[in-house]
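Accompanying notes for the structure given below.
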Amino acid sequence: MKEAMQRLREASIQAILASESPDALENLRVKFLGKKGELTAILRQMGKLSAEERPIMGQLANQLRSDIEAAIDKRRGELSEALLERKLEQEALDVTLPGEKPHLGHKHPMYNVLDQIKEIFIGMGFEIVDGPEVELADYNFTKLNIEEGHPSREWTDTFYFTEDSRVLLRTQTSPMQIHAMEAKELPIRMIAPGRVYRKDEVDATHSPMFHQIEGMVIDKGVTMADLKATLNLVVEKIYGEGTVTRFRPHHFPFTEPSCEMDIQCHKCGGKGCPTCKGEGWIEVLGAGMVHPKVLAGCGIDPDVYSGWAFGMGLERLAMGEYKITDLRLIFENDVRFLEQF
Amino acid sequence: MKLSRKWLNEFVDLPLEQVDDKAFAEAMTVSGSKVEVTENLSESMQNVKVGRILSLEKHPDSDHMFIARLDVGAAQPVQIVTGAWNVHPGDLVPVALDGARLPTGATIRRGSLRGVESEGMLCSLKELELSVHDYAYGEITAAAILGDYHPIDPDKPSISPEIQPGDKIFGKVVAAELRHVECVGDQRFRCELGLGDTAAETFSVCQNLHPGDLVAYDTLADRICTLADLHAEQREFPHCIEDGIFVLQEDVRPGDDMSALLGRDDHVVEFEITPNRPDCLCMIGLAREAAVTFGKELRLHEPVIRAAAGGDIRNEARIVIEDPQLCPRYVARMVKNVRIAPSPAWMRERIRNAGMRPINNLVDITNYVMLEYGQPMHAFDFSCVKDGEIRVRCAREGESIRTLDGTQRELTPSMLCICDTEKPVGVAGVMGGENSEIVGDTAMVLFESANFDGTSIRRTATALGMRTDASSRFEKGLDPENAYRAVQRACELVELLGAGEVVEGVIDVYPGRKEATSLQLEPEKINALLGTDIDVSVMRKILLDLGFTLEGDTVYVPSWRGDVEHYSDLAEEVARFYGYNEIPIRFTGAINTCGGFTPEQQCERLVGQTCRSLGLDEIITYSFISPTYYDKIRLPADSPLRDSLRILNPLGEDTSIMRTTILPSMLEILTRNYNYRNKQAALYEIGRIYRKREDGLADEPRIVSLGAYGPDMSFFVLKGWVEALLESLDAARPRFVQERENPSYHPGRCARVYVGDCLVGVLGQIDPRVAEHYGVDTELYCAELSFEALLSVRGALPVYQPLPRFPAVSRDIAVVCGAGIPVGELSECIRQSGGPYLTDCVPFDVYTGHHIAEGMKSVAFSLTMRAEDQTLTDEHAEETLRKVLAALEEQFGAVMR
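Just so you know, the sequences run in chain order W and L. Each number in the numbering used here comes from the position in the first sequence (counting from 1) with 57 added on. Each number in the numbering used here comes from the position in the second sequence (counting from 1) with 44 added on.
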């Protein structure tokens, strides 16, 4: 009997290992372990055994049953694993085919740059203010210390709505300095980005409508040292840490002293190259201390308060940032252009 | 403003060897005089040498070229092939050797001309960028060489090709053979002529004569004929041109550098001068800035005049200023026995290097003084001034003048003119008149050195379309004090150049004399503005060096610094020379403001962000449009939207009115993309429109403009965008109402969108007729939403709703109703009537046709019901459906299908 069990063990294990499908395995299970199976057939002969042998054989038989079951389970696992492998193999994809990308919209490149600047100033306690584009000459010129007869007031330079030159399209964001000084509580820290208009024909570097960013600080004890410190920080944020700057005297009617700020040419490091037109420096903005006359004109006592202001062109900044070579692209709004940014 | 470094040294010791271009430019720029470019003039003329012609022979293969051998100061002579006829052995000429660079930009290389090697080029005045005004003796007179004769009609030549020396050409003009030509100096040539049987000797100024040439000789006038003498046309003698090599009459030797000879051993610095500093538009002004910048002494010169002519101008001339507002000062001096001639080389060089052209001694003197002092001057032929009286007045209606450029100019009463008792003789500060121009026989000259109102001059120059060197200076507002010094300097130069004799006396009419501006020097205020701690002694020194006068703490501003009128101006003067870059970089105060985006700005950012997440690209469009765009979008003639702010001086009609609707801007960009063959475009802009206001200004509300076309576009895609936009703002459920009246949109595919009672905007497909106006043959979709409305419907911060714990029950129903009933109204009715358990109602099918009666439609809805506290039973669901169906039937006559 023991031998019979041994033969059954060998035959069954061999058959199980050789089986190729879950169905075949099930047949083997019935064949070896079923009610009419071979192990049952062997166990029927237990009655012939002695009382001592019977438990031993019984134990052996149970062992054999569980071993066969284990072998079947194992083989079943192997078979289903193989089946899955085959299925997965069949499901394989060419991962180099393109993805189904949702179409993302793009911010206009110029507003990318503008938003960057807004965030820099907000981090320094500035607010953003907005004002009219259809403006009074009084705000665009007079209150900014730009006298009657100044060339920028000419009809050849500025767009007018009234024959008496009273209402115009603002030529600069600087009237926002006046609006802010007249309307806001002191101290003021503000920037005012927006559209401005000048009578320039459209070409690669000119447009009758463009954008400026005005900035102004009015507080007690504000000096040119603050102006330099703030603008240096801003320029480092825009152009990278360690950007070398230079301030040089300039003229604006509404600031005194006035300056322009240059950054050292990043391309040549100041040696002079085509990018900086051989100068080694690139002009980035105009600034200055708010003219005491302008302060006084807005009802702010220049003996108590002082301030500084700056203005910069947004188009040129964006064009520099993205190496855009023609201003017309900015207002053309070709999607092939817009989707590059 | 161009500054010659060589000339600058006359006023300040700043030799190039000590201060190179870069150092000079950097220092001047940071002290306030911005340098644009520096040009080393010798670099644009290199390897051009003086050469002496050793020999000249005809080119074997050319009838008009010569082979010249020249001594250029090298061990070996050079050989150069030239087409010029005006050179002779012994002449000194400019030679561009191999590798030479000319100011015209040309580079000269050795080469071969018809098989003969040529090691460079002989130069004409033009090739050196000069003219006969620079070197009057460089003028060329050419004889007509008979060998060069090309008859107009080859069958009927005026001069026979077989003509022989001695043969008559016409009248007393005969053919003559040149046997010998010899330069006797001063551009005169002694010529021995063969006239067949006889011979003759004559002198000629023609420079193109060579032995062997056959020429026309006028026996009566004893001269060799030019083109004009023969009454011939240029094409008959194609090589008889008044152009040729520049033959030098200077004290030079072969090998000398031409660049130095022409004064090009100079560096020219071009400045960008800000409009507040017209005093820097001259040598003295810039020299003063340079002297203070480099801490050097400024040397100024006081003109000295002998006034040898005797007499007194006050007996000869009268000056009347009729409009002292426009002419604060008029200074005049007189010169007699004028001798017009070229000015000396040093003056011509300086004028040339400053970017102007020399003309003659008198004109050059006025230009020289303008460059030196910054004071434009004018010189009249005084004999042309009627009654010896100059009147400075505005032009009278109908007056006109022919200006020196030969143009007849109509004058208007706003234009200030220099007149005599009868007529204008010049446009003040702009240009003189031809009627008083200095000519060869002018004997008596009046020098005008005046001061005019800048704005008036600018407007006159603009109106006449003639911005001159003079007007561009005057328009910035010049220093009237300078007028006197300048006229003195001009008279000194007249005497120095021997250009005439200065008459005693000066007429100086000065109604606009002003007191010097005085300011208090308040060092603490200056330091407070600058954030510095500059010592008062440093401030005083800077101001003194700049020409300010100090008496105690009172600062007197020099007359040429009209821009200084406030202590902050003094602060800038101090800062400029203390150094802007020496001012500390320091925050003096704590940041005491909060900053940040306002709710409105946050909303704007959110709208942009949502648009981009929907796949829309941002655009920026012009705020001004053409009035014809209103027609393109089919606005009715009486539409209030046509009442736009109109620019009175637009660049063109296309940009002449401020838009009252943003639609044309979006349509223009969609069209452009369509024309660029971009398959699809989905765009947004948050832009302003401009609505006229009573006070003449505008309300400038922002509009969120959406626009798209492409294969995936439909009304419902657009509507989905609008719904998503509102959802991102946490707005309440929007309501869409069919809009049939908007003329720009498809009448059946347009909706107004409301949130509550607030009209947010309009959306839909653009009317195909509008699309056709734009030349677009595809469906365009646009939405115009009011940003203010979006801001107002923005929902409050969302409050958390517990997630459902009990399952939902859903039921589909289909009802049949009139085909004209909007599904949205049915949905709204279902929502209203469904009771507390109904949580959602989605229409999913609209059907007409088979089994549905004519004029009716079937609409299917999927209803979702849920309770928060229990699982709904069938009874609950049936109850809800019953209420819904009852309401639909009652309100719309809709019945269950």
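Virtual Cβ for every residue (Gly too), placed ideally from N, Cα, C.
Of the listed residues the options, nearest to residue i (C-alpha basis)
i: residue 537/L; options: 438/L, 448/L, 382/L; result: 382/L
i: residue 632/L; options: 268/W, 180/W, 282/W, 147/W; result: 282/W
i: residue 653/L; options: 735/L, 591/L, 748/L, 732/L; result: 748/L
i: residue 93/L; options: 292/L, 720/L, 156/L, 312/L; result: 292/L
i: residue 82/L; options: 926/L, 314/L, 503/L; result: 314/L
i: residue 376/L; options: 385/L, 386/L, 365/L; result: 365/L
i: residue 291/W; options: 125/W, 341/W, 392/W; result: 341/W
i: residue 802/L; options: 770/L, 784/L, 814/L, 819/L; result: 770/L
i: residue 554/L; options: 514/L, 368/L, 655/L; result: 368/L
i: residue 188/W; options: 252/W, 175/W, 395/W, 135/W; result: 252/W
i: residue 815/L; options: 677/L, 763/L, 900/L; result: 677/L
i: residue 75/L; options: 620/L, 500/L, 236/L, 901/L; result: 620/L
Range of the contiguous beta strand (DSSP E) that encloses residue i
i: residue 782/L; result: 778-782
i: residue 69/W; result: Per DSSP, residue 69/W belongs to no beta strand (DSSP E); it is in the alpha helix (DSSP H), 59-75.
i: residue 807/L; result: 802-810
i: residue 114/L; result: 110-115
i: residue 192/W; result: 191-193
i: residue 760/L; result: Here residue 760/L belongs to no beta strand (DSSP E); instead the alpha helix (DSSP H) covers 759-772.
i: residue 185/L; result: Segment: none, residue 185/L is in no beta strand (DSSP E) and carries neither H nor E.
Per-residue burial, residue i [other beta carbons within 10 Å of its own, 16 or more giving buried]
i: residue 165/W; result: buried
i: residue 844/L; result: exposed
i: residue 657/L; result: exposed
i: residue 562/L; result: exposed
i: residue 123/W; result: exposed
i: residue 119/W; result: exposed
i: residue 579/L; result: exposed
i: residue 410/W; result: With chain W covering 58 to 398 only, the question about residue 410/W has no answer from this structure.
i: residue 390/L; result: exposed
i: residue 365/W; result: buried
i: residue 113/W; result: exposed
i: residue 98/W; result: exposed
i: residue 212/W; result: exposed
i: residue 418/L; result: buried
i: residue 882/L; result: buried
i: residue 847/L; result: exposed
Span separating the alpha-carbon of residue i from that of residue j
i: residue 83/W; j: residue 116/W; result: 24 Å
i: residue 530/L; j: residue 495/L; result: 11 Å
i: residue 296/L; j: residue 116/L; result: 11 Å
i: residue 449/L; j: residue 475/L; result: 8 Å
i: residue 552/L; j: residue 423/L; result: 16 Å
i: residue 433/L; j: residue 341/L; result: 43 Å
i: residue 133/L; j: residue 139/L; result: 14 Å
i: residue 103/W; j: residue 94/W; result: 15 Å
Boundaries (first-last residue) of the alpha helix (DSSP H) holding residue i
i: residue 581/L; result: 580-589
i: residue 236/W; result: 232-240
i: residue 531/L; result: 525-541
Residue i beta carbon near the ligand MG (any heavy atom closer than 7 Å)
i: residue 60/W; result: As presented, the structure is devoid of all ligands, the ligand MG included, so that no description of it is given.
### Query
Listed in chain order, which residues of the region 628-644 of chain L have Cβ atoms closer than 9 Å to some Cβ of chain W?
Residues of the region 628-644 of chain L with a C-beta less than 9 Å from any C-beta of chain W: 628, 629, 630, 631, 632, 633, 635, 636, 637, 638, 639, 640, 641, 642, 644, listed in chain order.
### Query
Name the residues in the region 488-506 of chain L whose C-beta lies less than 9 Å from a C-beta of chain W; which are they?
Under the 9 Å Cβ criterion, the region 488-506 of chain L contributes 497, 498, 499, 500, 502, 503, 506.
### Query
Which of the residues in the region 366-393 of chain W, read from start to end, lie with their CB under 9 Å from any CB of chain L?
The region 366-393 of chain W vs chain L, Cβ under 9 Å: 387, 388, 389, 390, 391, 392, 393.
### Task
Using a Cβ-Cβ cut-off of less than 8 Å, list which residues of the region 160-171 of chain W approach chain L; keep chain order.
Those would be 160, 161, 162, 163, 164, 165, 167, 168, in chain order.
### Query
In chain order, what residues of the region 683-716 of chain L put their CB closer than 8 Å to some CB of chain W?
Hits within the stretch, in order: 689, 690, 691, 692, 693, 694, 695, 699, 702, 713, 716.
### Query
In the region 741-763 of chain L, which residues sit with their C-beta less than 8 Å from some C-beta in chain W, listed in chain order?
Sequence-ordered contacts of the region 741-763 of chain L with chain W read 741, 742, 744 [C-beta pairs closer than 8 Å].
### Message
Taking beta-carbon pairs under 8 Å, can you tell me which members of the region 272-295 of chain W lie near chain L?
### Response
In summary, the residues of the region 272-295 of chain W whose CB is separated from some CB of chain L by less than 8 Å are 276, 277, 278, 279, 280, 281, 282, 283, 285, 286, 287, 289, in the order they occur in the chain.
### Query
Taking Cβ-Cβ distances below 9 Å as the criterion, which residues of the region 207-224 of chain W are in contact with chain L?
For the region 207-224 of chain W, which is checked against every Cβ of chain L, the residues closer than 9 Å are 207, 208, 211, 212, 213, 215, 216, 217, 218, 219, 220, 223, 224.
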